[in-house]
Structure formats: structure tokens, C-alpha cells
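Notes follow once the structure below has been shown.
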Amino acid sequence: MLVGRYTQACDLWSLGVIAYRLLSGHSPFHGRQQALVSQILSGAYTTNTLGWKGVSKEARDFVERLMDVDP
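For the sequence shown, this note's numbering assigns the number 17 to the initial residue and increments by one for each residue that follows.
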């Protein structure tokens, strides 16, 4: 959700979403359009699901830093 100018922070956030999906096997955000927008803008996702069970703390930290909504 672009609010303002497009910067490299957008690319890093997108990389975080891709890494999230690759590491956990599912998308970080779920629901209908309005719910998705709300989750994305607020950074409402979790790495405490079953898909993250075997993922290292370092990998989780990497994803969380990339997906910071206000870097």
C-alpha cells in the first residue's frame, strides 16, 4: 500500500513478504480486501505459527526487520 513516495523501503518490505512465504509456506496476510489492507498498513502478521516451527530465530528476525512498516 503506497502512501507517499516509492523508495527502496518498499522493495525491502516486498522482499520480506517473499521471504515470509518461502520460509513458512504461507502468506503473512489473510482475509478479504479491507482486512488485508488493514493488516498490511499496521504490520499485523505473526511468525508464531506452525509453518515457522523449524525456522531459526535469525531467519525470523530477518523477515521481521524487512517487514517493518516504518523502517
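Ideal Cβ placement from N, Cα and C applies to all residues, glycine included.
Quantities reported herein were computed from a predicted structural model and do not represent experimental measurements.
- The three-state reading of DSSP puts residue 78 in helix, counting H, G and I together.
- The region 18-28 makes no contact with the region 59-76; the number of CB pairs closer than 8 Å stays below 3.
- Here residue 20 carries a coil assignment [DSSP, helix/strand/coil].
- Distance between residue 67 and residue 43, taken at the CA atoms: about 10 Å.
- Looking at 54, 50, 36 and 51, the one whose alpha-carbon comes closest to that of residue 72 is 36.
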